[in-house]
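Number of protein chains: 2
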Amino acid sequence: MTDVAAPTGRIGDTILRHWREAVPNDRLAHLVKDATRGLTRALQARLAAQSVSFGHWVFLRILWEADGVTQRQLSAQAGLMEPTTYSALTAMEKLGYVERRKLPHSRKNVYVFLTPRGRALKAKLVPMAEEVNEVAIRGVPPEDVAATRRTLLTMIENLARDEAALDQGGNQKDA
Amino acid sequence: MTDVAAPTGRIGDTILRHWREAVPNDRLAHLVKDATRGLTRALQARLAAQSVSFGHWVFLRILWEADGVTQRQLSAQAGLMEPTTYSALTAMEKLGYVERRKLPHSRKNVYVFLTPRGRALKAKLVPMAEEVNEVAIRGVPPEDVAATRRTLLTMIENLARDEAALDQGGNQKDA
DNA sequence: CGAAAATGTTTAGACCTCTAAGAATAATCT
DNA sequence: AGATTATTCTTAGAGGTCTAAACATTTTCG
Chain R
6 MTDVAAPTGR IGDTILRHWR EAVPNDRLAH LVKDATRGLT RALQARLAAQ
56 SVSFGHWVFL RILWEADGVT QRQLSAQAGL MEPTTYSALT AMEKLGYVER
106 RKLPHSRKNV YVFLTPRGRA LKAKLVPMAE EVNEVAIRGV PPEDVAATRR
156 TLLTMIENLA RDEAALDQGG NQKDA
Chain P
6 MTDVAAPTGR IGDTILRHWR EAVPNDRLAH LVKDATRGLT RALQARLAAQ
56 SVSFGHWVFL RILWEADGVT QRQLSAQAGL MEPTTYSALT AMEKLGYVER
106 RKLPHSRKNV YVFLTPRGRA LKAKLVPMAE EVNEVAIRGV PPEDVAATRR
156 TLLTMIENLA RDEAALDQGG NQKDA
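Protein chains in written order, with the working numbering: chain R, 6 to 180; chain P, 6 to 180.
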């Protein structure tokens with residue numbers, strides 16, 4: 006059970022050579038995407054040793070900080086849509102990591118609590134994430150890391166604004 | 006047909022506030038991931054106007070540079086696994102963007118060629134990607150962009166090495 | 001030559017994510 | 001109070017990605 010496969014696919018030399026050679030003028034998006042893939046795979050490979058999937062890690066991380074929140078709050082904090090949260094949490098409940106409870110004051114909301122087992126994972130999993138981060142930025146000057154943080158944050162803000170603008174401007178059913 | 010939905014989900018203020026406030030010491034991975042999501046959504050929203058899905062864009066971009074390559078080569082260039090390439094290409098063939106042909110000298114390899122229709126998309130789609138890149142880095146000092154490029158490239162290299170090491174060191178079935 | 005190994009494509013099945021729409025419950029407003 | 005609106009969770013269905021394994025076709029080599 007809980008058959009979490011470690012990824013074994015090759016991020017081939019092909020990709021690395023590709024990036025080292027022609028980095029044209031606006032392939033930043035690709036760099037960002039490939040970096041995400043690398044980070045995800047590295048963490049996934051480590052989490053698999055504890056039979057934890059990447060999708061579950063996302064929610065565990067939030068719950069370790071504060072559990073007893075609703076699924077909707079969890080979705081917002083994770084930046085994921087409700088159905089994603091829903092299916093992850095039902096699976097995690099089946100695995101015994103969390104418990105979903107309705108509290109007396111509302112029959113609509115579902116509150117999510119960690120089980121002791123879910124809470125115990127923190128000690129093993131957090132160091133894995135720290136290791137991945139450490140491996141990833143090995144050899145990168147701190148000021149470059151800082152600049153990267155600034156850049157990514159601005160990008161996220163710019164793109165959120167762009168998305169809001171597209172929704173406003175592009176979706177009028179009628180005037 | 007070709008019903009490609011533009012994403013409408015909110016990258017809520019919740020996320021932005023989250024990032025602006027506590028950016029702890031090693032949440033770089035999350036920043037990178039959220040940036041990827043933003044970039045993907047922004048491009049997706051624009052591609053949807055031409056009924057092109059994000060998954061197809063990835064391969065079109067490569068084929069505009071050079072078509073007549075095998076699926077395996079395409080996989081390597083896209084950095085994706087063969088089954089992913091396979092299903093994308095069969096879908097794209099159904100849409101009339103590409104043609105998959107076996108050439109006389111080999112009955113094993115499948116060569117992929119753009120149709121005129123697939124080739125024609127370039128004129129509309131490339132400007133969209135450029136726009137997304139432009140929007141994303143708006144207001145970011147060029148030297149920060151350069152540092153970000155360096156950092157991401159190093160991260161990709163570090164993580165590829167890490168993955169190779171894990172495969173070597175972690176997978177021995179027997180001594 | 002013919003068996004074994006390597007290569008390339010395809011199928012099967014799983015996970016994570018999304019949008020769209022349904023259902024249940026809570027809040028609001030006349 | 002009762003009807004309408006809003007919120008939250010759930011279901012349904014799709015896209016895109018992966019691993020594992022089956023299949024087909026070369027290539028290699030005894």
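Ideal Cβ placement from N, Cα and C applies to all residues, glycine included.
What you are looking at is a predicted structure, and each value in this text was computed from that prediction instead of being measured.
Contact list for residue i against chain R, beta-carbon separation under 9 Å
i      : result
P:T159 : A141, I142, R143, G144, V145 and D149
P:L33  : L44, N138, A141, I142, V150, T153, R154 and L157
Secondary structure of residue i, DSSP reduced to three states
i      : result
R:T95  : helix
R:L158 : helix
P:D8   : In this prediction, P:D8 has a pLDDT of 42, which is less than 50 and means its spatial position is unreliable; what the coordinates show is noted afterwards. Looking at P:D8 - three-state DSSP - the assignment turns out to be coil, as it is neither helix nor strand.
R:R124 : helix
R:L44  : helix
R:S80  : helix
R:Q49  : helix
R:A141 : helix
R:A54  : coil
P:H85  : Checking the displayed sequence, the identity of residue 85 of chain P turns out to be Leu instead of His. If DSSP states are grouped into helix, strand and coil, P:L85 belongs with coil.
P:R166 : helix
R:P132 : helix
P:L36  : helix
P:P146 : coil
R:L65  : helix
P:L171 : helix
R:V28  : Its pLDDT being 47, under 50, R:V28 is placed unreliably by the model, and nothing is read from it.
R:L100 : helix
P:Q177 : Reliability of the predicted coordinates at P:Q177 is poor, the pLDDT of 43 falling under 50, and the value obtained from them is presented with this limitation in mind. The answer is coil: DSSP assigns P:Q177 none of H, G, I, E or B.
Identified DSSP bridge partners for residue i
i      : result
R:R105 : R:V117
R:T75  : R:Y116
Listed by chain order, chain R residues near residue i by CB distance under 7 Å
i      : result
P:D167 : A47 and V140
P:G123 : The premise fails here: P:G123 is roughly 20 Å from chain R at the closest Cβ pair, so nothing lies under 7 Å.
P:A71  : Here the premise fails: no neighbours, minimum Cβ distance about 13 Å.
CB of residue i within 8 Å of CB of residue j, strictly
i      : j      : result
P:I142 : P:V150 : yes
P:A47  : R:L164 : yes
P:K127 : P:W69  : yes
P:T156 : R:V145 : yes
R:G84  : R:Y102 : no
R:I161 : P:A40  : yes
P:L52  : P:M133 : yes
P:R154 : R:L158 : no
P:L119 : P:D72  : yes
P:S92  : P:M86  : no
P:L3   : R:A54  : Residue 3 of chain P lies beyond the range of chain P shown here (6 to 180); nothing can be said about it.
R:E152 : P:A125 : Going by the sequence as given, residue 152 of chain R is Ala instead of Glu. For R:A152 and P:A125, no; Cβs fall outside 8 Å.
Chain P contact residues for residue i, given Cβ-Cβ distances below 7 Å
i      : result
R:T41  : V37, K38 and T41
R:L52  : Neighbours of R:L52 on chain P: none; closest Cβ ~12 Å, over 7 Å.
R:L171 : A50
R:G60  : Ordered by position in chain P, no residue passes the 7 Å Cβ test against R:G60, which lies about 13 Å from the chain.
R:L79  : Result: empty, since nearest Cβ-Cβ is about 11 Å, beyond 7 Å.
R:L119 : Here the premise fails: no neighbours, minimum Cβ distance about 20 Å.
R:L68  : The premise fails here: R:L68 is roughly 15 Å from chain P at the closest Cβ pair, so nothing lies under 7 Å.
Proximal chain P residues relative to residue i, where beta-carbon distance stays under 9 Å
i      : result
R:L65  : By Cβ distance, chain P contributes nothing, its closest Cβ being about 14 Å from R:L65, past 9 Å.
R:G101 : The contacting residues do not exist; R:G101 stays about 26 Å from chain P at best.
R:L126 : Per Cβ cutoff of 9 Å: no residues; R:L126 is ~18 Å from chain P at best.
R:L130 : Per Cβ cutoff of 9 Å: no residues; R:L130 is ~13 Å from chain P at best.
Closer than 7 Å: residue i CB and nearest the ligand COA heavy atom
i      : result
R:E168 : With respect to small molecules bound, the structure shown includes none, and the ligand COA cannot be examined in it.
Interface residues of chain R facing residue i [CB-CB closer than 8 Å]
i      : result
P:N114 : Chain R residues near P:N114: none, gap ~17 Å exceeds 8 Å.
Interface partners of residue i on chain P, CB under 8 Å
i      : result
R:L94  : Near R:L94 there are no residues of chain P at all, since even the closest Cβ is about 18 Å away, more than 8 Å.
R:L108 : What R:L108 touches in chain P: nothing, since even the nearest Cβ is about 22 Å away.
Inset, instruction - For the segment 56-71 of chain R and the segment 82-101 of chain R, state whether three or more C-beta atom pairs, one from each stretch, are separated by less than 8 Å. - result: They touch, by the three-pair rule.
Inset, instruction - For the segment 113-124 of chain P and the segment 66-76 of chain P, state whether three or more C-beta atom pairs, one from each stretch, are separated by less than 8 Å. - result: Yes: at least three Cβ pairs fall under 8 Å.
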